Structures are given as structure tokens and as C-alpha cells.
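Chemist:
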């Protein structure tokens, strides 16, 4: 038993540490805005020089070169989203102009019904554009994008099909990544009054909750359904260490996605699920002290495994939102603040001129496939900036 006086001292210490980490002054917040703005201006110049014909959006760096991708790539909307967030932070028309340029280059993707990732790339770009301008053109493009995404839904399975490749391996694969695309459908339902969009999103979330998660609230990356019966016939990974491991970015997707679904539905079962995913992540014995996950929670050589800063950024962003709904508010803010503090450190936040135009180091796309390992990746930057924006809003509210 811990003596009462020692317990009191411990409580005081915890409260002191929490106050030190979570109560930045407006001046400190403004300083970080200026830092990110300065670095993103450098990024724009670097990426502009790297653009070539249809290779229009930055994705990552490999072999000492920037990897630019066409609009069809699932990551093509993230840089546009970053620029819209800078416009939101600064109200500077420079950022609006640059964001519009990168966003409108994606317009034809509204017809792309060949990938579930249309929800991610269009909502991260055109969704941010709509939030900041209310331009009816952006609204029209988003609605058509939602229609394209919804066309991939199969009612007897109750999920949106994720992948159209590896047909010899899967019949109807649905990934945990799907959760990140559902926000577009919720938005479309509210904008159009067509409840079918919402019904598809909710059904997808329910079936993902049932069929992707283990008893400890870790998730598989892929559930393969029988197209005729709707039964799950296999559970696998693409990017993780093994089928039974917990791929870190997949856990982050689940946390982020179910937090968002609770926001849109108010259904407590989604809140409960998000809280349990958060508990799995934050209490995992293989989570590093700096709160940055290694690329897979079950990778065999931890702590000598690559980090995944992108998973950390998604987790931080999700925790800031989840803190607004949960009685575990203080725990989530403390963890998210620690992640953000680490990502702002010299170890992770790099000068774009020395980091191929990107903000963060040490992300991992798919180590199991040898792809984008311990390198800058654009979606890490996007969710890092989103986490910062959410942190800023929370702190400014607390200061009032």
C-alpha cells in the first residue's frame, strides 16, 4: 500500500506535469504556426520543381529522390489538405491560392469508383476546401465523389469493397483503412439529405467493428468476405508484420475512424469502441516512451524497429477529438500532447530543405513489403498538421 502522503505527492506531480505539457501560451502556439508556415513555404518550392507531367502530388522520398504521384494515387489529396489548413490558421490568401491549385488538379477523381481511397483523398482536399470557402464547385465535386465511393458498397456484405487487385488471394477484401473514407459519406448525407450515404457508412462501421477486431481491441488489416454469403472467410494483413500482428497505422485508423463515427452518430457503442482502441494503444508494452509507435506493435526486433510517425500523428489527432467526448479527457490530451511534443522535436520535425520537402521524418508505409521504410511520407505531415490544429483549438478554448 502507498502511504496517503505519498499518494498526494504523486497526484500533485501528475497534475503539475500535465499542466506543463498541455497549457501552452498563445505566444507559443503562434510561434509554432509561424514555424510550420515557414517550412511549408519551402515545401511548395521544392515540390513545384519536382512536378512533372501527370506526377503532380508529393507522396514520399526514396533513394534520395522525391516520389511524386498522379492524381489516381491514394495519397494525392494530402498536400492540398495541408495547404487548406495553413489558410485556416493564417487567413492568408497566399495559402488559399496554392491550396486551390493543388485541389482542383484532382477534380477528375470524382468519377473514380475503382478505389475506396477516393473518400480519403477527396475529403482531405475538397472537404477542407469546402469548409474554408463554401464554394459550390467544391460541394458538387464532393457529392459526386461520395456517389463513386458508395457504388462500391455491397448490401449483403454491408461493407465497401476496398481492393480490386490480388483477386487470386481475396474475393471481397475490406480493410481497416476503409474507416478513413466514411467521413465523406456522412458529409454527403447531411448536404444532400440522402440518408443512403449515412446508412452505408454506419453499416460499414458496424461490420468492421464486428469482424476486424480481436478481444483485446487490436485489429486485423483485411477481412475477406464471401461475396455470396457475406461471411468472413479470411483475415490478413498487407502492410503489417503478420496476419495476427497489430499493424500500427491500422490501429490508428480504427481509433480515428470510430471517433469520427461517434461524432456523426452519437451512438455510444462507437465511443466505447474508440475508447477501447485507445486503451490498447496507450497501454501497449511495446509503445515507446515518446509515444511514437514502431511500425507494428508486434514487430520482432523492438526497440530496434523503424518508427511510424504517420501512425503517431493520426493517433494524436484522434485523441484530441476523442477527448471532447470521453470522460478520459485528461488522459487523452496528455498522451496527444506528448506525441505532438515529440513530433515537434529535432528528431522528427525536419527542415524541408533537408527532408526532400516534407515536414516529418521516420514514417513507415509497409515494411513487410520493403516500401517507404523510415522515410518522410505526406500523410504523416497532413495528420501532424491536423493534430496541431485540433490541439490549438482545444488550448485556445481552455484559455478563455
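Numbering (the working numbering), first residue to last: 17 to 416.
Just so it is clear, CB atoms sit at the ideal spot from N, CA and C, and this is done for glycine as well.
Everything numeric in this text was worked out from a predicted model, so none of it was measured.
Give me, in chain order, the residues of the same chain whose beta-carbon lies closer than 8 angstroms to that of residue 369; leave out the 5 immediate sequence neighbours on both sides.
Modeler: In the chain shown, counting from the first residue as 1, residue 369 sits at position 353. So the qualifying residues of the chain are 58 and 62.
Chemist: Between the alpha carbons of residue 37 and residue 353, how many angstroms are there, rounded?
Modeler: Position 21 of the chain shown holds residue 37. Position 337 of the chain shown holds residue 353. Because the pLDDT at residue 37 is just 42, under 50, the model does not fix this residue reliably, and the point stays unresolved.
Chemist: In terms of residues, what are the limits of the alpha helix (DSSP H) holding residue 328?
Modeler: Position 312 of the chain shown, counted from the start, is the residue given in the question as residue 328. Note, residue 328: alpha helix (DSSP H), 325-338.
Chemist: Compute the Euclidean distance between the alpha carbons of residue 299 and residue 233, then round it to the nearest angstrom.
Modeler: Within the chain shown, numbered from 1, the residue matching residue 299 stands at position 283. Within the chain shown, numbered from 1, the residue matching residue 233 stands at position 217. Those two C-alpha atoms are separated by around 12 angstroms.
Chemist: Distance, Cα to Cα, residue 142 vs residue 397?
Modeler: Here residue 142 refers to the residue found at position 126 of the chain shown. Here residue 397 refers to the residue found at position 381 of the chain shown. Rounded to whole angstroms, residue 142 to residue 397 spans 18 angstroms at the Cα level.
Chemist: Thinking C-beta only, is residue 76 closer than 8 angstroms to residue 330?
Modeler: Reading the chain shown from its first residue, position 314 is the one you call residue 330. Reading the chain shown from its first residue, position 60 is the one you call residue 76. Their beta carbons are not under 8 angstroms apart, which means residue 330 does not touch residue 76 by this criterion.
Chemist: State the start and end residues of the unbroken beta strand (DSSP E) segment that holds residue 254.
Modeler: In the chain shown, the residue the question calls residue 254 occupies position 238. Segment: none, residue 254 is in no beta strand (DSSP E) and carries neither H nor E.
Chemist: Over what stretch of residues does the alpha helix (DSSP H) that includes residue 277 continue unbroken?
Modeler: In the chain shown, counting from the first residue as 1, residue 277 sits at position 261. 264-281 is the span of the alpha helix (DSSP H), which, as asked, contains residue 277.
Chemist: Please work out which residues of its chain come closer than 6 angstroms, Cβ to Cβ, to residue 66, disregarding the five sequence neighbours upstream and downstream, and give them in chain order.
Modeler: In the chain shown, the residue the question calls residue 66 occupies position 50. Answer for residue 66: 82 and 84, listed in chain order.
Chemist: Identify every run of the beta strand (DSSP E) within the region 119-203, keeping only runs that are complete inside it and at least 3 residues long; order them along the chain.
Modeler: Whole beta strand (DSSP E) segments, 3+ residues: 189-191.
Chemist: Excluding the 5 residues preceding and the 5 following residue 223 in the sequence, name in chain order all residues of the same chain whose CB lies nearer than 6 angstroms to its CB.
Modeler: Counting from 1 along the chain shown, the entry for residue 223 is found at position 207. If we look at residue 223 and ignore the five residues flanking it on each side, its Cβ neighbours are 174 and 175.
Chemist: For a test of the three-state rule: what should DSSP assign to residue 116, helix, strand or coil?
Modeler: Indexing the chain shown from 1 puts residue 116 at position 100. Looking at residue 116 - three-state DSSP - the assignment turns out to be helix.
Chemist: Could you say which of 339, 382, 327 and 343 lies nearest to residue 359 if we only look at CA atoms?
Modeler: Walking along the chain shown from the start, residue 359 turns up at place 343. Nearest of 339, 382, 327 and 343 to residue 359, Cα basis: 327.
Chemist: Looking only at its own chain, which residues have a Cβ that is under 6 angstroms from the Cβ of residue 267, when we skip the five neighbours before and after it?
Modeler: Residue 267 sits at position 251 when you count from the first residue of the chain shown. The answer, listed in chain order, is 297.
Chemist: Cα separation between residue 229 and residue 258?
Modeler: Sequence index remark: in the chain shown, residue 229 carries index 213 (1-based). Sequence index remark: in the chain shown, residue 258 carries index 242 (1-based). One C-alpha to the other measures close to 15 angstroms.
Chemist: Give me the Cβ distance between residue 136 and residue 90, rounded to the nearest whole Å; I'm assuming they're in contact under 8 angstroms.
Modeler: Taking the chain shown and counting its residues from 1, the one referred to as residue 136 is at position 120. Taking the chain shown and counting its residues from 1, the one referred to as residue 90 is at position 74. About 6 angstroms separates the two Cβ atoms, so the contact holds.
Chemist: With a cut-off of 8 angstroms, do at least 3 Cβ pairs link the region 165-174 to the region 190-208?
Modeler: The region 165-174 is in contact with the region 190-208.
Chemist: For the region 211-221 against the region 233-252, do three or more pairs of beta-carbon atoms, one drawn from each stretch, fall closer than 8 angstroms, so that the two count as touching?
Modeler: At 8 angstroms Cβ cutoff, the stretches do not touch.
Chemist: So the candidates are 332, 307 and 154; which of them puts its Cα closest to the Cα of residue 139?
Modeler: On the chain shown, residue 139 is found 123 positions in, with the first residue counted as 1. Comparing Cα positions, the closest option is 154.
Chemist: For residue 315, which residues of its own chain have a beta-carbon under 6 angstroms away from its beta-carbon, when the five flanking residues on both sides are left out?
Modeler: By 1-based counting over the chain shown, the position of residue 315 is 299. Same-chain partners within the cutoff: 257 and 321.
Chemist: According to DSSP, what are the bridge partners of residue 85?
Modeler: The residue labelled residue 85 in the question sits at position 69 within the chain shown. Answer is 73, bridged to residue 85.
Chemist: Applying the criterion that 16 or more other CB atoms from any shown protein chain within 10 Å of the CB defines a buried residue, is residue 332 buried or exposed?
Modeler: Taking the chain shown and counting its residues from 1, the one referred to as residue 332 is at position 316. It counts as buried.
Chemist: Please work out which residues of its chain come closer than 6 angstroms, Cβ to Cβ, to residue 275, disregarding the five sequence neighbours upstream and downstream, and give them in chain order.
Modeler: Along the chain shown, one-based indexing puts residue 275 at 259. Hits under 6 angstroms: 290, 334, 337 and 338.
Chemist: Helix, strand or coil for residue 78? Go by DSSP, reduced to three states.
Modeler: Locating residue 78 in the chain shown gives position 62, where the first residue counts as 1. Here residue 78 sits in strand by DSSP.
Chemist: Taking residue 5 as the reference, give the member of 409, 278, 293 and 264 with the closest Cα.
Modeler: Given a span of 17 to 416 for the chain in the structure shown, any question on residue 5 remains unanswerable.
Chemist: Measure the Cβ-Cβ separation of residue 87 and residue 73 and say whether it is below 8 angstroms.
Modeler: The residue given as residue 87 occupies position 71 in the chain shown. The residue given as residue 73 occupies position 57 in the chain shown. Yes; because the gap between Cβ atoms is below 8 angstroms, this pair is in contact.
Chemist: Apart from the five residues just before and just after residue 269, which ones in its own chain have a Cβ nearer than 6 angstroms to its Cβ?
Modeler: Your numbering for residue 269 matches position 253 in the chain shown. Taken in chain order, the residues that qualify are 192, 193, 195 and 196.
Chemist: Quick check on the burial criterion: 16 or more other C-beta atoms within 10 angstroms. Buried or exposed for residue 130?
Modeler: For this step, residue 130 is matched to residue 114 along the chain shown. Answer is exposed; the Cβ neighbour count stays below 16.
Chemist: Would you check if the distance between the CB atom of residue 355 and the CB atom of residue 410 is smaller than 8 angstroms?
Modeler: Taking the first residue of the chain shown as position 1, residue 355 is located at position 339. Taking the first residue of the chain shown as position 1, residue 410 is located at position 394. Cβ distance not < 8 angstroms, so residue 355 and residue 410 don't count as in contact.
Chemist: Tell me, to the nearest whole angstrom, how far the beta carbon of residue 400 is from that of residue 378; I am working on the premise that it is less than 8 angstroms.
Modeler: As a working note, residue 400 is residue 384 in the chain shown. As a working note, residue 378 is residue 362 in the chain shown. Contact doesn't hold; Cβ gap of about 12 angstroms is too wide.
Chemist: Below 8 angstroms on the Cβ atoms is my contact criterion, and I expect residue 392 with residue 371 to pass it. Report the Cβ-Cβ distance as a whole number of Å.
Modeler: Within the chain shown, the letter at position 376 stands for residue 392. Within the chain shown, the letter at position 355 stands for residue 371. Indeed, because the Cβ distance is near 5 angstroms, the residues count as touching under 8 angstroms.
Chemist: Can you give the Cα-Cα distance for residue 282 and residue 255, rounded to whole angstroms?
Modeler: Locating residue 282 in the chain shown gives position 266, where the first residue counts as 1. Locating residue 255 in the chain shown gives position 239, where the first residue counts as 1. Roughly 32 angstroms separates the two Cα atoms.
Chemist: Which class does residue 68 belong to by DSSP, given the choice of helix, strand or coil?
Modeler: For the purposes of this step, residue 68 is taken as the residue at position 52 of the chain shown. In this structure, residue 68 counts as strand in the three-state DSSP scheme.
Chemist: Is it the case that the Cβ atoms of residue 318 and residue 302 are separated by a distance below 8 angstroms?
Modeler: Within the chain shown, the letter at position 302 stands for residue 318. Within the chain shown, the letter at position 286 stands for residue 302. In this structure, residue 302 lies closer than 8 angstroms to residue 318 by Cβ.
Chemist: Using the C-alpha atoms, what's the distance from residue 119 back to residue 101?
Modeler: As a position in the chain shown, residue 101 is number 85, starting the count at 1. As a position in the chain shown, residue 119 is number 103, starting the count at 1. Cα to Cα, residue 101 sits roughly 13 angstroms from residue 119.
Chemist: Roughly how many angstroms lie between the CA atoms of residue 407 and residue 341, to the nearest whole one?
Modeler: As a first step, residue 407 must be located in the chain shown, where it is residue number 391. As a first step, residue 341 must be located in the chain shown, where it is residue number 325. Using only the alpha carbons, I get a separation of about 15 angstroms.
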